[in-house]
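Visitor: Chains as they are written, first to last, in the working numbering: chain A, 422 to 712; chain B, 739 to 992; chain C, 32 to 343. Idealized CB from N, CA, C, for every residue including glycine. Take this structure first; my questions come after.
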Amino acid sequence: MLASFLQFVFSGITVGSIYALCGLGFSIIFNASHVINFAQGEFIMIGGMATVSLVALGVPLPVAILLAILATMLVGFALEKFAVEPARKASVTTLIIITIGASIFLRGIAQELWDKNFHKLPPFSGDQPFLIAGASLMPQSLWVIGVTVVVIVGLGWFFNRTLEGKAMLATSFNTLAAQLVGVNTKKVLLMSFGLSAMLGAIGGIVITPITFTNYETGIMLGLKGFSAAVLGGLGNGMGAVVGGLIVGIAEAMAAGYFSSAYKDAVAFIIILFVLFFMPSGLFGKSGTERV
Amino acid sequence: MTLLVVDNLSKEFGGVHAVEGLSFAINPGTIHSIIGPNGAGKTTLFNLITGIYKPTVGRILFQDQDVTAKPPYELAMRGMSRTFQNLQVFFNMSALENVMVGRHLHLNRGILTSLLRLPAIAKGDAACRDKAAELMRFVGLERFLDAQADSMPYGALKRLEIARALAAEPALLLLDEPAAGLNATESHEVDEVISKVAKQGVTVVLVEHNMKMVMGISDHILVLDYGKKLAEGTPEQVRNNPDVIAAYLGGGAA
Amino acid sequence: MFRNERMIGLAVLAVIIAILPQFLPNNYYYDVAIQAGFNAIVCVGLNLLIGYAGQISLGHAGFFGLGAYASAILCTRYGWPPILALLAGALVVGVLAFVLARPILKLKGHYLAMATLGIGIIISIVLNTEAQITGGPDGISAGPFSIGGYTIKTEQTWYWVVGGTLLVAIWLANNLVDSPVGRALRAVNGSEVGAEVVGVDTARYKVLVFVVSAVFASVAGSLFAHYLPQITPAKADFFKSIEFVTMVVFGGMASTFGSLVGAVFLSALPQVLTVFEDYEAMILGAIMMGTMIFMPRGLVPTLGSLLVRRRG
Numbered sequence: 422m423l424a425s426f427l428q429f430v431f432s433g434i435t436v437g438s439i440y441a442l443c444g445l446g447f448s449i450i451f452n453a454s455h456v457i458n459f460a461q462g463e464f465i466m467i468g469g470m471a472t473v474s475l476v477a478l479g480v481p482l483p484v485a486i487l488l489a490i491l492a493t494m495l496v497g498f499a500l501e502k503f504a505v506e507p508a509r510k511a512s513v514t515t516l517i518i519i520t521i522g523a524s525i526f527l528r529g530i531a532q533e534l535w536d537k538n539f540h541k542l543p544p545f546s547g548d549q550p551f552l553i554a555g556a557s558l559m560p561q562s563l564w565v566i567g568v569t570v571v572v573i574v575g576l577g578w579f580f581n582r583t584l585e586g587k588a589m590l591a592t593s594f595n596t597l598a599a600q601l602v603g604v605n606t607k608k609v610l611l612m613s614f615g616l617s618a619m620l621g622a623i624g625g626i627v628i629t630p631i632t633f634t635n636y637e638t639g640i641m642l643g644l645k646g647f648s649a650a651v652l653g654g655l656g657n658g659m660g661a662v663v664g665g666l667i668v669g670i671a672e673a674m675a676a677g678y679f680s681s682a683y684k685d686a687v688a689f690i691i692i693l694f695v696l697f698f699m700p701s702g703l704f705g706k707s708g709t710e711r712v
Numbered sequence: 739m740t741l742l743v744v745d746n747l748s749k750e751f752g753g754v755h756a757v758e759g760l761s762f763a764i765n766p767g768t769i770h771s772i773i774g775p776n777g778a779g780k781t782t783l784f785n786l787i788t789g790i791y792k793p794t795v796g797r798i799l800f801q802d803q804d805v806t807a808k809p810p811y812e813l814a815m816r817g818m819s820r821t822f823q824n825l826q827v828f829f830n831m832s833a834l835e836n837v838m839v840g841r842h843l844h845l846n847r848g849i850l851t852s853l854l855r856l857p858a859i860a861k862g863d864a865a866c867r868d869k870a871a872e873l874m875r876f877v878g879l880e881r882f883l884d885a886q887a888d889s890m891p892y893g894a895l896k897r898l899e900i901a902r903a904l905a906a907e908p909a910l911l912l913l914d915e916p917a918a919g920l921n922a923t924e925s926h927e928v929d930e931v932i933s934k935v936a937k938q939g940v941t942v943v944l945v946e947h948n949m950k951m952v953m954g955i956s957d958h959i960l961v962l963d964y965g966k967k968l969a970e971g972t973p974e975q976v977r978n979n980p981d982v983i984a985a986y987l988g989g990g991a992a
Numbered sequence: 032m033f034r035n036e037r038m039i040g041l042a043v044l045a046v047i048i049a050i051l052p053q054f055l056p057n058n059y060y061y062d063v064a065i066q067a068g069f070n071a072i073v074c075v076g077l078n079l080l081i082g083y084a085g086q087i088s089l090g091h092a093g094f095f096g097l098g099a100y101a102s103a104i105l106c107t108r109y110g111w112p113p114i115l116a117l118l119a120g121a122l123v124v125g126v127l128a129f130v131l132a133r134p135i136l137k138l139k140g141h142y143l144a145m146a147t148l149g150i151g152i153i154i155s156i157v158l159n160t161e162a163q164i165t166g167g168p169d170g171i172s173a174g175p176f177s178i179g180g181y182t183i184k185t186e187q188t189w190y191w192v193v194g195g196t197l198l199v200a201i202w203l204a205n206n207l208v209d210s211p212v213g214r215a216l217r218a219v220n221g222s223e224v225g226a227e228v229v230g231v232d233t234a235r236y237k238v239l240v241f242v243v244s245a246v247f248a249s250v251a252g253s254l255f256a257h258y259l260p261q262i263t264p265a266k267a268d269f270f271k272s273i274e275f276v277t278m279v280v281f282g283g284m285a286s287t288f289g290s291l292v293g294a295v296f297l298s299a300l301p302q303v304l305t306v307f308e309d310y311e312a313m314i315l316g317a318i319m320m321g322t323m324i325f326m327p328r329g330l331v332p333t334l335g336s337l338l339v340r341r342r343g
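Structure representation (structure tokens):
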């Protein structure tokens, strides 16, 4: 009873961490540009797939991870530079289609560059599970959770302690005012895509030993990351993390106790309920319309 | 009989009282002005009266019925219409269509009749088009009969909003700074339009900064300061009120 | 656009539909034309929501799929006559859309996108999972469409049925746009407060157009189910929804004929792209990005204003 409950909590937190990273990626880009980047899931896929192929080429895992993150960030920069920036003044709908187009494009490349098969990475520190109250916790889950915590702390430091981070925050509060005090908001936009790509890649790499990866893994992960971000209130970093964990745990519980077929629906059912009753998410600000 | 009664109305935004304990009444068939320094709560008051904001405390009676916190479209059905300080023009439509939307309540709005374009729709629309064109001429926009709204200059858009509001045939018309941003000639034209509207029996309430215009056309003036009533009366009375003079010339004068 | 231009447009379209078969050498081309027609019917309805009323939906394939499955299930499992199944499907979808619309359409922008996307995905997961009713991932057959003893058998007949339905759909949509209701919808897009203060109950109109567009999708879905040998959940999934939205935006928002052009172009495109086989996804993605970057208003309005400028 307790053992299986705990088991579901473990797997919920593990996958929830990935949703949290992905949700953070959505929020960072949204704050910098009010764009929802539907290609966020592709960053996860590229991170995982690139690491897999580099390892297969004989590159040591730590180096492969680093290179894969850099490669994903380059894709993020390119996405901003060539797809989003030229359309800055377009409508919400147009921008949604552009980023969805980008995600289809990236999937198309991935399918050519690699293949349609599932690939895996070896766990970073073996596969000897820890037994806690009858539930087993894989060391890779600890990697996922640990890395996520480190990334979140690192982001907190970045946004509150560094000039670049503060510039990004300032831009999200008031773009014009940020420009007036000399923030290069174009650079902020570029950085936000790089940063989001980095988060996606990291998530994709640490989860690959558990879930495997192929050219299509980014779709659902991305959409659930989007629900996590909306659940927490778009643009709210901590909200995205909490949202990710809620979605992850609820999904694991639903799969365990109810039906694994409806696992993927859980995130969307939660988000509909929340939006029906709290139109700005759990922690979003609800502004009064000015006329 | 009074047309509009505002009774002990307050609106708070996160601890700040934009409007506080305000009471006044408006008689039909007159031009009322609401003046006051920036931030005095004039636009908030308009938004409360027209149902865009819900008051924290207080009541609003329109034609002797309690309409507090009713949605704007319902107030429109009861005969209230308005314009906005920040334009709320339908930029995705032509100027004429903007005014035609104003006729909404006077037209057949059945979904099936519309989908099938039954004769009632075609006939109603033709009449509506004529009426809208007539209103555009009335406010001096005959030059823009064929224009798209997004191609019109600011001054014309201000008048377009007046025409749209008039199209609804309101008993009470609220104009939020109709002359703001207009040059002297344009402002004079708007001034004339307002007088013409009032002559047709529509009660006009306006928020305006242009003192010359306010003093010239108002029958009655309400002065707000920090969300409260500072003074009320005819232009002559308000002009000579020491509190008003103090508020406008700076606190020290009192 | 003025009413007369719209009627002329409709007449021109009727002529094109009438003579197009002369240029369709075989059933393969008929199939492409028919599929384009189905997509166009959905897009004409969806454009009322997205283009005219300014409310996005990333879940309309869900309604398309529900219509299709309603027809398939009622006809094959319960032996209903197809036309009754089609109407029942439209009714169910209309009621569902009505119930969902009020809470959903309070949302704006990205939140609305998220909610509609969620609804679409939940519908497609249900269609995939409830295999004993829906046939699961393999899908279900709706059987041929027959009415009053007459059964549609050939691609040629389907072509005329779809062409006729499309003309009716466009006629209805144009009528709506040009009515007080349609102006109210466009006003909601232009400024919600501006519309409210002249008496437009904006919430009501948003619900109304959501229901109308969902019913358009449902009817197209029902016919589509009979046209295909087998209807599968893939026809109701997220990508199908995206495809519909892309067609509307690509053709040009707030332009009924734009939606038509978008639907036809993007339906035919994959057929052309099959030549490139493996690069199909890449090219499709690139086209989506490229057109939105260089023609954010869509094909028809962009070309339209080019023409006007040249004439002027």
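#1: Using 7 Å as the threshold, is the C-beta distance between A:G654 and A:F704 below it?
#2: Looking only at its chain, what residues have a beta carbon closer than 7 Å to the beta carbon of B:H947, apart from the 5 residues adjacent to it on each side?
#3: Beta carbons nearer than 9 Å to chain C: which residues of the segment 792-819 of chain B have them?
#4: Roughly how many whole angstroms lie between the Cα atoms of C:T263 and C:T165?
#5: Where are the beta strand (DSSP E) runs, 3 residues long or more, that stay fully inside the segment 167-227 of chain C, in chain order?
#6: So, is C:Q66 buried or exposed, given that buried needs 16 or more other C-beta atoms within 10 angstroms?
#7: Within a Cβ cutoff of 6 Å, which residues of the same chain sit near B:A991, ignoring the five residues on either side of it in sequence?
#8: Report back the beta-carbon spacing between C:A267 and C:I154 to the nearest angstrom; my notes put them in contact at under 8 Å.
#9: When the cut-off is 7 Å and only beta carbons count, does A:E637 lie next to chain F?
#10: Put B:L853 into one of helix, strand or coil per three-state DSSP.
#11: Report the three-state DSSP secondary structure of B:V805 (helix, strand or coil).
#12: Let me know the secondary structure DSSP gives B:K966 once reduced to three states.
#13: Flag this pair as yes or no: are the beta carbons of A:I465 and A:G603 separated by less than 7 Å?
#14: Taking Cβ-Cβ distances shorter than 7 Å, what residues in chain C pair up with B:R847?
#15: Is it true that the segment 561-574 of chain A meets the segment 628-637 of chain A, where meeting means three or more beta-carbon pairs spaced less than 8 Å apart?
#16: How long is the line joining the alpha carbons of C:G76 and C:A204, rounded to whole angstroms?
#17: Please tell me whether A:Q461 and A:G446 are closer than 7 Å, where the distance is taken between their beta carbons.
#18: Sort out for me which residues DSSP pairs B:G971 with in a bridge.
#19: Is it true that the CB of B:P809 sits closer than 7 Å to the CB of B:G789?
#20: Looking at A:S448: is its Cβ nearer than 7 Å to the Cβ of A:G658?
#21: Beta carbons nearer than 8 Å to chain B: which residues of the segment 219-230 of chain C have them?
#22: Could you check which residue in B:L786, B:K869, B:K937 and B:A858 has the C-alpha nearest to that of B:F751?
#23: In whole angstroms, what is the alpha-carbon distance linking C:M32 and B:R820?
#24: In terms of DSSP beta bridges, what is B:V945 paired with?
#25: Along chain C, in chain order, which residues have C-beta atoms closer than 7 Å to that of B:E907?
#26: Could you give the C-beta distance for B:G817 and B:L747, rounded to a whole number, given that I count them as a contact under 8 Å?
#27: Determine the contact status of A:I566 and A:S438, defining contact as a CB-CB distance below 7 Å.
#28: Please list the residues of the segment 322-334 of chain C that have a C-beta atom closer than 7 Å to any C-beta atom in chain A, keeping them in chain order.
#29: Which residues does DSSP pair with A:F451 in a beta bridge?
#30: Measuring only between beta-carbons, confirm whether C:D62 sits less than 7 Å from chain B.
#31: Taking DSSP as the reference, what is the three-state secondary structure of B:K749?
#32: Rounded to the nearest angstrom, what separates B:S889 and A:V484 at their Cα positions?
#33: CA-CA distance, A:M619 and A:G575?
#34: Chain A beta carbons: is any one of them nearer than 7 Å to that of C:V280?
#35: From the beta carbon of B:R855, is the nearest beta carbon of chain C less than 7 Å away?
#36: For chain B, find out if any of its Cβ atoms is closer than 7 Å to the Cβ of C:A84; answer yes or no.
Guide: So, from the listed chains and residues:
#1: yes
#2: E915 and A918
#3: P809, P810, Y811, E812, L813, A814, M815, M818 and S819
#4: 9 Å
#5: none
#6: buried
#7: Residue placement at B:A991 is flagged as unreliable, the pLDDT there being 38, under the threshold of 50; the coordinate-derived value follows with that caveat. Correct list, in chain order: A984.
#8: 6 Å
#9: As a matter of chain content, chain F is missing from the structure shown, whose protein chains are A, B and C.
#10: helix
#11: coil
#12: strand
#13: no
#14: P211 and V212
#15: yes
#16: 7 Å
#17: yes
#18: B:I959
#19: yes
#20: yes
#21: N220, G221, S222, V224, G225, A226, E227, V228, V229 and G230
#22: B:L786
#23: Because C:M32 carries a pLDDT of 46, less than 50, the predicted location of this residue cannot be relied on, and no value is offered for it.
#24: B:I772 and B:D914
#25: Here the premise fails: no neighbours, minimum Cβ distance about 10 Å.
#26: Actually they are not in contact, since the Cβ atoms of B:G817 and B:L747 sit about 20 Å apart, beyond 8 Å.
#27: yes
#28: M323, I324 and P327
#29: Answer is none; A:F451 lacks a bridge partner.
#30: no
#31: strand
#32: 58 Å
#33: 12 Å
#34: yes
#35: yes
#36: no
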